[in-house]
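*Asks:*
Protein chains: 2
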Amino acid sequence: MYEIMLDLEGKGNKNLYEQIYEFIKKEIQSGNLKCRERLPSTRKLAGQLSVSRSTAQLAYEQLLSEGYIESVPCRGYFVCEMEELYHLKPGGTVQEKEDRSAKKSCPYDFTPNGVDLAHFPYATWRKLSREVLRDDPQELFHLGDPKGEYALRSAISTYLHQARGVNVQPSQVIIGAGNDYLQMLLARMLGTGHRIAMESPTYRHAYEIFLRLGYDCCTVSMDHQGMDIQELGASGADIAYVMPSHQYPTGVVMPIKRRQELLQWASKEEGRYIIEDDYDSEFRYVGKPIPSLQSSDTNQKVIYIGTFSKAIAPSIRISYLVLPWPLLVRYEQVGKNFSCTVSRTDQKMLQLFMERGCFERHLNKMRALYRSRHDLLLTEVRRLEGVRAVKGERSGVHILLYMDRKWPEAEWIRRAAEQGVQVYPLSEYCVDQREMEPAVILGYATMETEDISLAVEKLRQAWGQTENGNNCRKSEFDKNQRDL
Amino acid sequence: MYEIMLDLEGKGNKNLYEQIYEFIKKEIQSGNLKCRERLPSTRKLAGQLSVSRSTAQLAYEQLLSEGYIESVPCRGYFVCEMEELYHLKPGGTVQEKEDRSAKKSCPYDFTPNGVDLAHFPYATWRKLSREVLRDDPQELFHLGDPKGEYALRSAISTYLHQARGVNVQPSQVIIGAGNDYLQMLLARMLGTGHRIAMESPTYRHAYEIFLRLGYDCCTVSMDHQGMDIQELGASGADIAYVMPSHQYPTGVVMPIKRRQELLQWASKEEGRYIIEDDYDSEFRYVGKPIPSLQSSDTNQKVIYIGTFSKAIAPSIRISYLVLPWPLLVRYEQVGKNFSCTVSRTDQKMLQLFMERGCFERHLNKMRALYRSRHDLLLTEVRRLEGVRAVKGERSGVHILLYMDRKWPEAEWIRRAAEQGVQVYPLSEYCVDQREMEPAVILGYATMETEDISLAVEKLRQAWGQTENGNNCRKSEFDKNQRDL
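Chains as they are written, first to last, in my numbering: chain A, 375 to 858; chain B, 375 to 858.
#1: Can we say the segment 734-750 of chain A touches the segment 548-555 of chain A, given the rule of at least three CB pairs closer than 8 Å?
#2: So that I know if they touch, is there some Cβ in chain A lying closer than 9 Å to that of A492/B?
#3: If we define contact as Cβ-Cβ less than 9 Å, is R633/A a contact residue for chain B?
#4: When you compare the CB positions of V616/A and E650/A, do they come within less than 9 Å of one another, or not?
#5: Report the start-end ranges of each alpha helix (DSSP H) in the segment 475-554 of chain B that is 4 residues or longer and not cut off at the edges.
#6: Would you say R410/A reaches chain B, if we count a Cβ-Cβ gap shorter than 9 Å as a contact?
#7: Are T928/B and I664/B touching if we call contact CB-CB under 9 Å?
#8: Please list, in chain order, all residues of the same chain as L432/A whose beta carbon is under 7 Å from its beta carbon, the five residues on each side excluded.
#9: Under a CB-based cut-off of 9 Å, is L587/A close to chain B?
#10: Any beta carbon from chain A within less than 9 Å of L507/B's own beta carbon?
#11: Beta strand (DSSP E) containing Y589/A: first to last residue?
#12: State yes or no: is the C-beta of F733/A within less than 9 Å of the C-beta of Y533/A?
#13: Of all the alpha helix (DSSP H) runs that stay within the bounds of the segment 760-816 of chain A, which reach a length of 4 or more residues?
#14: List the residues that DSSP assigns as beta-bridge partners of V676/A.
#15: Which of the residues in the segment 687-705 of chain B, read from start to end, lie with their CB under 9 Å from any CB of chain A?
#16: Out of E759/B, F657/B, C804/B, state which residue places its alpha-carbon closest to the alpha-carbon of M490/B.
#17: Assign G600/B to one of three DSSP states: helix, strand, or coil.
#18: Whole angstroms is fine: what's the gap from D519/A's alpha carbon to S531/A's?
#19: Along chain A, in chain order, which residues have C-beta atoms closer than 7 Å to that of E629/B?
#20: Using the Cα positions of L695/B and L585/B, report the straight-line distance between them to the nearest angstrom.
#21: Indicate whether Y577/B and D612/B have their beta-carbon atoms separated by less than 9 Å.
#22: Please report the distance separating the alpha-carbon of E411/A from that of E706/A.
#23: Grouping DSSP H, G and I as helix and E and B as strand, with all else coil, what is M728/B?
#24: So which residues on chain B does G552/A lean against when the C-beta distance must stay under 7 Å?
#25: Can you list the residues of chain A that H516/B reaches, using a CB-CB cut of under 9 Å?
#26: From the DSSP output, in three-state form, read off E444/A for me.
#27: Please compile the residues from chain A whose C-beta is within a distance smaller than 7 Å of the C-beta of Y496/B.
#28: Between E824/A, C804/A, R779/A, which lies nearest to E811/A when the distance is taken from Cα to Cα?
#29: I'd like to know whether the C-beta of V594/B is nearer than 9 Å to at least one C-beta of chain A.
#30: Give a yes or no on whether the C-beta atoms belonging to P623/B and L752/B are separated by under 9 Å.
#31: Rounded C-beta distance between S609/B and C592/B? I'm assuming under 8 Å.
#32: Excluding the five sequence neighbours on either side, which residues of its own chain have a C-beta within less than 6 Å of the C-beta of R562/B, listed in chain order?
#33: Any chance you could list the beta strand (DSSP E) runs of at least 3 consecutive residues sitting entirely within the segment 693-730 of chain B, in chain order?
#34: Give a yes or no on whether 9 Å exceeds the smallest Cβ distance from T566/B to chain A.
#35: Verify the CB distance criterion: does I548/B have a CB-CB separation below 9 Å to chain A?
#36: With distance defined between alpha-carbon atoms, name the residue in G588/A, D510/A, S769/A, Q634/A nearest to D602/A.
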């Protein structure tokens with residue numbers, strides 16, 4: 375029988391039983407202890423090493439649990455057979471640093487993706503967080519409803535009904551952690567084999583997510599009213615993804631006639647659906663909000679997707695789907711197994727934020743802030759040389775400048791960057807590389823009001839100027855505005 | 375030309391321009407205003423209604439935005455052509471109540487799914503929440519890293535290395551809102567066309583999620599060492615889903631020999647993977663923790679999935695994947711488009727919770743608590759009649775009682791329920807309806823210590839007793855313990 379030759383450390387980091395366990399494990403791994411070899415009994419081992427029998431017992435228990443040794447009744451402990459030796463790699467604690475080199479920053483960045491977080495209601499959010507966590511709310515830490523909490527879905531329904539004219543019952547609302555996740559979940563309900571049509575240019579991120587989800591995606595031309603319905607019909611698509619209230623990035627508002635044509639297209643065949651992405655409809659600066667497309671849908675054809683990323687902050691990770699009834703039935707079959715991806719404390723905070731009017735107040739505050747930037751930017755850009763027309767204004771948090779063809783798009787952007795101003799190419803939103811007029815996007819959500827004038831002045835320097843041609847230019851500009 | 379016949383309310387809820395807009399919209403919808411009909415100029419309309427010209431302008435702007443009318447330069451405003459009338463449904467604010475009838479509650483519920491939330495560190499959590507939200511942390515509300523924040527991934531890597539022997543760099547860790555979501559994300563990396571083998575009985579929820587994700591799933595028998603590798607080889611599966619440290623629900627710990635066989639199976643063909651679900655390995659009451667399977671994997675074949683649902687609370691919705699390098703490459707191609715589903719404030723709180731040792735303290739507290747319940751329950755169940763063997767002990771938060779065949783499983787459960795004790799059928803964890811010994815599951819995470827004895831006493835009454843047969847029964851019990 376094998377004899378254990380081990381000097382135990384009296385006061386090491388490890389318990390005695392761990393030292394024994396480690397030693398025997400290494401002996402087995404190194405082959406010193408052979409398969410089927412018999413180990414001393416716990417009594418004998420305890421004697422050999424001058425430890426208590428329970429210490430020996432504990433060491434063997436661990437080896438038994440991990441399968442290194444086995445206990446044969448009335449015979450004792452034996453080393454197990456193993457196919458090959460088991461080597462625990464040393465596995466250092468060295469941790470690589472990911473490449474997170476800072477992005478080159480431009481003094482003036484007209485990014486269309488940001489949100490002004492200087493005005494986020496931190497104090498309210500903290501207060502709600504304290505309130506929600508007060509009194510040890512056990513209930514909130516249990517798993518909740520897969521669709522999201524009823525109270526939050528109810529608050530969202532009320533909001534959507536009032537603000538967006540959406541026809542919705544709380545049971546149609548599915549809450550999820552961001553649009554990407556909801557697209558993933560929606561794919562479960564829609565199933566495979568669909569072709570999804572999106573406008574060109576469009577929100578490329580959504581396009582790429584659908585591609586990743588295995589869908590056949592295509593783009594359809596758009597004019598000043600939105601997606602070309604004839605081209606949609608010819609595309610073979612059975613799902614159309616649109617942003618009728620404020621198309622991203624063009625800012626086109628789809629008029630009622632085009633909406634009806636789109637709804638008619640969907641009604642023509644069973645299984646056709648329209649996904650309405652209503653990402654920034656909260657911010658409209660002139661007149662009443664444009665109603666949602668969903669509100670005119672009488673045939674259960676519109677899947678509405680909304681988010682709090684623009685209206686509150688990207689990182690709160692709360693978006694929602696409003697499903698038409700046929701897809702809600704599918705959800706019950708294939709979707710409700712997936713647990714809700716938003717924590718219940720976060721859901722509760724948002725629910726209270728909405729119920730107590732904080733959301734409304736925040737929206738009004740942000741709308742006023744964004745509007746002042748919008749108005750200022752619109753005034754300022756009229757000073758610019760080379761701008762044929764401004765589009766996408768009145769809503770959202772970005773505008774489009776259609777530029778003179780004297781330079782290609784990249785040249786307008788390069789010249790701006792040289793002056794320290796980052797503007798964004800419209801062409802990047804085109805999936806297909808179709809011929810387009812040069813155009814740049816200016817987002818103003820993260821641009822301080824006082825910086826807007828400074829940044830536009832830089833653009834003026836970048837893009838040249840005519841000192842005395844402004845009036846003539848202005849009337850030409852207005853003509854272009856109408857024509858485009 | 376059409377003349378507007380409208381009595382404006384001086385002090386209604388609506389602005390003057392809204393009243394004009396609503397009126398004209400209804401006139402168009404009802405057909406009183408026909409397609410291509412010309413509307414009065416804003417000057418004329420203002421005169422007719424005795425409103426300012428800017429009010430008239432605003433009403434027309436809204437109608438223009440929504441596409442009801444169009445402006446023809448130098449000619450005026452005309453009603454648009456529409457395919458069919460657009461009817462805004464009245465859309466009541468009635469909200470259905472979902473059927474949420476309270477679950478029948480049993481006085482003593484041995485649910486295996488719960489977590490003791492009475493001992494959740496609410497005060498610490500509140501403190502972290504306050505701290506994270508203090509000083510208006512703008513950065514935390516911007517969109518973060520799709521994999522999850524580096525600092526949290528780093529904290530998880532350190533924990534996994536120390537506690538589970540997992541070989542991991544932070545870049546291999548992907549954070550997501552719950553296991554269901556991570557299975558969904560993993561499906562993007564794995565692609566379609568795989569057959570996934572799970573043990574029987576198994577964690578059915580994961581099985582059903584894989585089915586929903588479109589995978590061909592099969593079950594493989596298990597013995598007292600875990601999944602039958604020969605049967606796995608014959609199953610045609612290329613992915614095996616296992617819980618080697620404490621199989622759910624049987625509690626089997628996979629010994630080193632079987633682990634090596636499993637790893638060898640995976641190495642035999644390219645594209646084979648093992649998913650290691652390490653859901654409750656934190657709770658082990660005897661000896662050291664069982665190392666993870668991933669720690670013995672030298673061929674990049676193990677996908678490790680861990681969660682904080684058991685160790686902290688189900689509703690914090692934070693789980694993680696540790697990807698082997700080949701799948702990390704796939705993630706870069708097809709996964710990183712999906713934004714992280716956990717809010718950055720929640721990530722930050724968990725990161726601090728781990729870095730400051732709160733997680734360790736919490737685990738130790740819960741382990742001690744669960745162990746005392748485990749020990750008491752094990753002692754108590756020996757008093758029960760009809761229990762052939764107890765399995766799955768020493769780890770996790772549930773045990774299995776293999777019962778006498780004198781009654782079918784359902785009868786054991788029915789009798790318990792009659793006495794107000796809810797125990798759970800093992801057969802429900804079997805996907806295939808294979809013949810099994812009757813067995814019931816007793817979870818003790820949510821059972822107060824003082825209730826355990828009371829509940830087991832109820833079970834004793836439910837399942838009968840022999841006053842003087844205890845000793846004889848006990849030795850028979852011990853024999854069964856060894857044999858099963």
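Beta carbons: idealized from backbone N, C-alpha and C, even for Gly. Since the model is a prediction, treat every value here as computed from it, not as a measurement.
*Replies:* Taking the geometry as given:
#1: No, they do not touch.
#2: In the second sequence, counting from the first residue as 1, residue 492/B sits at position 118. With its beta carbon less than 9 Å from one in chain A, A492/B belongs to the interface.
#3: Stepping through the first sequence from its first residue, residue 633/A is reached at position 259. It does: the Cβ of R633/A has a partner Cβ on chain B nearer than 9 Å.
#4: As a position in the first sequence, residue 616/A is number 242, starting the count at 1. As a position in the first sequence, residue 650/A is number 276, starting the count at 1. Cβ distance < 9 Å, so V616/A and E650/A count as in contact.
#5: DSSP assignment within the segment 475-554 of chain B yields the following whole alpha helix (DSSP H) runs of 4 residues or more, N-terminal first: 496-507, 524-538.
#6: In the first sequence, counting from the first residue as 1, residue 410/A sits at position 36. Answer no: the Cβ-Cβ gap between R410/A and chain B never drops below 9 Å.
#7: Beyond the ends of chain B as shown, which are 375 and 858, falls residue 928/B; an answer cannot be given.
#8: Counted from its first residue, the first sequence places residue 432/A at position 58. Hits under 7 Å: Y391.
#9: Along the first sequence, one-based indexing puts residue 587/A at 213. In terms of beta-carbon proximity, L587/A lines the interface with chain B, with at least one pair separated by less than 9 Å.
#10: For the purposes of this step, residue 507/B is identified with residue 133 of the second sequence, where counting begins at 1. With a threshold of 9 Å between beta carbons, L507/B makes contact with chain A.
#11: Within the first sequence, residue 589/A is the residue found at index 215, counting from 1. In the DSSP annotation of this structure, Y589/A is not part of any beta strand (DSSP E), being labelled neither H nor E.
#12: Here residue 733/A is taken as the residue at index 359 of the first sequence, counted from 1. Here residue 533/A is taken as the residue at index 159 of the first sequence, counted from 1. Yes, they are a contact pair.
#13: Whole alpha helix (DSSP H) segments, 4+ residues: 783-792.
#14: Here residue 676/A corresponds to residue number 302 of the first sequence, with the count starting at 1. Residue pairing by DSSP places V676/A opposite I648/A in a beta bridge.
#15: Taken in chain order, the members of the segment 687-705 of chain B whose beta-carbon sits within less than 9 Å of a beta-carbon on chain A are A687, P688, S689, I690, R691, I692.
#16: Stepping through the second sequence from its first residue, residue 490/B is reached at position 116. Met is not the amino acid found at residue 490/B; the sequence shown has Asp there. Just measuring C-alpha positions, the residue of E759/B, F657/B, C804/B sitting nearest D490/B is F657/B.
#17: In the second sequence, residue 600/B corresponds to position 226, counting from 1. Strand at G600/B.
#18: Residue 519/A sits at position 145 when you count from the first residue of the first sequence. Residue 531/A sits at position 157 when you count from the first residue of the first sequence. Separation of D519/A and S531/A (C-alpha to C-alpha, rounded to the nearest whole angstrom) is 16 Å.
#19: For this step, residue 629/B is matched to residue 255 along the second sequence. Correcting the residue identity first, residue 629/B is Pro in this sequence and not Glu. Ordered by position in chain A, the residues that pass the 7 Å Cβ test against P629/B are E440, G441, C454.
#20: Sequence index remark: in the second sequence, residue 695/B carries index 321 (1-based). Sequence index remark: in the second sequence, residue 585/B carries index 211 (1-based). Answer to the nearest angstrom: the Cα atoms are 20 Å apart.
#21: Counted from its first residue, the second sequence places residue 577/B at position 203. Counted from its first residue, the second sequence places residue 612/B at position 238. Y577/B places its beta carbon 9 Å or farther from that of D612/B.
#22: Taking the first residue of the first sequence as position 1, residue 411/A is located at position 37. Taking the first residue of the first sequence as position 1, residue 706/A is located at position 332. For E411/A and E706/A, the gap between their C-alpha atoms comes out near 57 Å.
#23: Residue numbering aside, residue 728/B sits at position 354 when the second sequence is read from its first letter. Helix.
#24: Residue 552/A sits at position 178 when you count from the first residue of the first sequence. From the beta-carbon of G552/A, the residues of chain B found nearer than 7 Å are S713, T715.
#25: Start at 1 with the first residue of the second sequence, and residue 516/B comes out as number 142. Those within 9 Å of H516/B in chain A are G488, V489, L491, A687, P688, S689.
#26: Along the first sequence, read from residue 1 onward, the residue named residue 444/A stands at position 70. Strand, per DSSP.
#27: To locate residue 496/B, count along the second sequence from 1; it is residue 122. By Cβ distance, chain A contributes L507, D510.
#28: Taking the first residue of the first sequence as 1, we reach residue 811/A at position 437. Relative to E811/A, the option among E824/A, C804/A, R779/A whose CA is nearest is R779/A.
#29: Position 220 of the second sequence, counted from the start, is the residue given in the question as residue 594/B. Taking CB atoms only, V594/B has no neighbour in chain A less than 9 Å away.
#30: Residue mapping note: residue 623/B aligns to position 249 of the second sequence, counting from 1. Residue mapping note: residue 752/B aligns to position 378 of the second sequence, counting from 1. The Cβ atoms of P623/B and L752/B lie no closer than 9 Å to each other.
#31: The residue labelled residue 609/B in the question sits at position 235 within the second sequence. The residue labelled residue 592/B in the question sits at position 218 within the second sequence. 5 Å between Cβ atoms; contact.
#32: Counted from its first residue, the second sequence places residue 562/B at position 188. So the list reads V708, G709, once near-sequence residues are dropped.
#33: Secondary structure within the segment 693-730 of chain B: the beta strand (DSSP E) runs of 3 or more consecutive residues, fully enclosed, are 693-696 (chain order).
#34: As a working mapping, residue 566/B is identified with position 192 in the second sequence. So, interface residue.
#35: If you number the second sequence from 1, residue 548/B lands on position 174. With a threshold of 9 Å between beta carbons, I548/B makes no contact with chain A.
#36: Translated into the one-based positions of the first sequence, residue 602/A becomes position 228. Closest by alpha carbon: Q634/A.
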